[in-house]
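Q: In our numbering, the protein residues as written are 296 to 862.
Just so you know, even glycine gets a beta-carbon here, dropped at the ideal spot from N, CA and C.
Predicted model only: the values in this text are computed from it and were never measured.
Dropping the structure here:
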């Protein structure tokens, strides 16, 4: 599989983010090349070519067309009209902004995938199907979520050309994923949610995200669709999201200190012990914790990082004596330095107090510079108080509006207790515990059995000890009943880095797995009914997304190891 880049094309800026999306979906064998360096011989070496949005010259378009005619497979995102014509798609010179993707859900390609309407945010161009061409429409783009909306046009077209196939998206999928996950850059440093003037990541989604879509991981569904198309066009091994195939989702457990007492920490820790769970605690300045207590709890498997706050936050609910944009960078640098000096802990994951944010990705850039590898600030808050505000439960690096990747993972947080059941907070639903658990339970069930996405949520020690333990323990019970383990954010980061460091190499006999980090277990999904052989490999037949796979689990991979599996 070959992913093409076009570094001199200002519209092709999301191609490196697309590479991260491929890794997220478990594809670890792809090569990368510049469009200008390609020729027919180079294309012919690959069973599938992925083309980001870019303008192709007549010669490049001819090469790609010839590749497909000769039996090649191509996936193209928002192909230019002169390339699209070669595959039977005639431009209408019209389009839809802020459209919705509607699946042709009776088609086999959608089997097992969510077929609810999904936002794509970014522009979608219009096509007509040329007469005499073999084109099947997998999805349409509508102007609204209503499937009966007459304003619609082709969204994803499967074009059979010669002996090969070209799948054309009418929108730029990686750009759409960035917008779904990171919000509207025009809202940077603006307060739109009508709350308290604190600028949070949630402000970036006001006016973009339909509240009714909060229970749907729209970005994850679209990347899963891309994965389905890849493995249909060119079947290949892909990495499962979790170490063991029996794991279909996990809870990533976090806790913001917020100046809780020792006794309040003890209450939450006792609950975690009862459920065999680990947690990452985010420690505020002037915390009531001691280094001795932290080391004691670390011995149980928990981890501790920093919860940056402004000086005024310690004595008042929310300090707002200066514009937030002038304060966040200093807050992050000072808090991280203090945490390292006082507690000897270098933060690897982080969440800010009051989830203060800066710019579109400015805060992420600062965190990456400080060595933070994963942030958990994209927490669902009014008007998006529960669910997939960022369209996802999965980790991806941040991407700037110029396409530059930032080496800090965005890990969305789906809820915290005070937005669900707190009796007084302005942004609380003020639900009963029973009402909250009913909705949370539905999210857990779909995450574990339909989306396979992890769930991150937060519980403050002070909240757990005073009012929220029935909700939190009820959520843990629902998660364990759904087969989910409960792990800390730092442990999830370890897995994320290890998985994304894996590379696979296809051979005539099977596959070579290259592990950058040591891994107790790694699972590959392979075509069904294969007999898998190799050292330390166990295989079984499983159903995922409504399809059958052979799941091959490799155990005890050493750092730097290359292991061969065959079939």
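Rounded to the nearest angstrom, how far is the Cβ of residue 646 from that of residue 577, given a contact under 8 Å?
A: Between residue 646 and residue 577, the beta carbon gap of about 5 Å places them in contact (Cβ cut-off 8 Å).
Q: Please give me, in chain order, every unbroken run of the beta strand (DSSP E) with length at least 3 that falls completely inside the region 381-440.
A: 384-391, 395-398, 419-424 and 429-437
Q: Exposed or buried, which one is residue 506 when buried takes at least 16 other CB atoms within 10 Å?
A: exposed
Q: First and last residue of the beta strand (DSSP E) that includes residue 848?
A: Segment 842-852, the beta strand (DSSP E) holding residue 848.
Q: Measure the alpha-carbon distance for residue 760 versus residue 562 and round it to whole angstroms.
A: Whole-angstrom Cα-Cα distance: 6 Å.
Q: State the CB to CB distance for the pair residue 389 and residue 373, rounded to an integer number of angstroms; the pair is presumed to be in contact (CB under 8 Å).
A: Their Cβ separation, rounded to whole angstroms, is 14 Å, which puts residue 389 and residue 373 out of contact at 8 Å.
Q: Where does residue 551 sit, in a helix, a strand or coil, going by DSSP?
A: If DSSP states are grouped into helix, strand and coil, residue 551 belongs with the strands.
Q: Name the DSSP beta bridge partners of residue 576, please?
A: Its beta-bridge partners are 550 and 599.
Q: Can you tell me which residues form a DSSP beta bridge with residue 753?
A: 549 and 711
Q: Does residue 814 come out as helix, strand or coil in the three-state DSSP assignment?
A: strand
Q: Which of the three DSSP states is assigned to residue 832 in this structure?
A: Strand.
Q: In angstroms with no decimal places, state the Cα-to-Cα distance between residue 800 and residue 792.
A: Looking at the two C-alpha atoms, the distance is approximately 19 Å.
Q: Using 10 angstroms around the beta-carbon of residue 705, count the other beta-carbons present and answer buried if the total reaches 16, otherwise exposed.
A: Residue 705 comes out buried.
Q: For residue 314, which option in 521, 483 and 625 has the closest C-alpha, if you only look at C-alpha atoms?
A: 521
Q: Run through DSSP, which three-state label would residue 676 get?
A: coil
Q: May I have the straight-line CA-CA distance separating residue 528 from residue 786, to the nearest angstrom?
A: 35 Å
Q: Which residues in the same chain as residue 649 place their Cβ atom closer than 8 Å to its Cβ, once the five residues preceding and following it in sequence are excluded?
A: 493, 495, 604, 608 and 613
Q: In terms of residue numbering, what span does the alpha helix (DSSP H) encompassing residue 728 cover?
A: 728-741
Q: Specify the secondary structure class of residue 300 as computed by DSSP and reduced to three states.
A: strand
Q: Tell me, please, which residues DSSP counts as bridged to residue 530.
A: None, per the DSSP bridge assignment.
Q: Output the distance between the C-alpha atoms of residue 808 and residue 834, rounded to the nearest integer angstrom.
A: Between residue 808 and residue 834, the C-alpha separation is close to 15 Å.
Q: Write down the C-beta distance between residue 545 and residue 782 rounded to the nearest angstrom, noting that I regard them as a contact closer than 8 Å.
A: 6 Å
Q: Report, in whole angstroms, the separation of the C-beta atoms of residue 428 and residue 410, which I expect to be a contact under 8 Å.
A: In this structure residue 428 is not in contact with residue 410, their Cβ atoms being roughly 26 Å apart against a cut-off of 8 Å.
Q: How do the region 534-544 and the region 501-518 stand: do at least 3 beta-carbon pairs fall below 8 Å, yes or no?
A: Output reads no: the region 501-518 does not touch the region 534-544.
Q: Per DSSP, what kind of secondary structure is residue 789 in: helix, strand or coil?
A: helix
Q: Mapping the DSSP letters down to three states, classify residue 460 as helix, strand or coil.
A: strand
Q: Could you give the DSSP three-state label for residue 801: helix, strand or coil?
A: strand
Q: Nearest-angstrom Cα distance between residue 488 and residue 498?
A: Straight-line measurement puts the Cα of residue 498 at about 6 Å from the Cα of residue 488.
Q: Tell me the DSSP bridge mates of residue 838?
A: 843
Q: Would you be able to state if there are at least three C-beta pairs under 8 Å between the region 743-759 and the region 560-575?
A: The region 560-575, when compared against the region 743-759, does touch it at the 8 Å Cβ threshold.
Q: In terms of residue numbering, what span does the alpha helix (DSSP H) encompassing residue 566 cover?
A: Where residue 566 is concerned, the enclosing alpha helix (DSSP H) stretches over 557-569.
Q: Is the region 719-726 in contact with the region 685-700, if contact means three or more CB pairs nearer than 8 Å?
A: no
Q: Helix, strand or coil for residue 625 per DSSP?
A: In the structure shown, residue 625 sits in a helix (DSSP, three-state: H, G or I).
Q: According to DSSP, residue 593 sits in a beta bridge with which residue or residues?
A: Note: residue 593 sits in no beta bridge, so no partner.
Q: Counting C-beta neighbours from all protein chains within 10 Å, is the total for residue 541 16 or more, i.e. buried, or is it exposed?
A: exposed
Q: So, using beta-carbon positions, are residue 483 and residue 654 closer together than 7 Å?
A: yes
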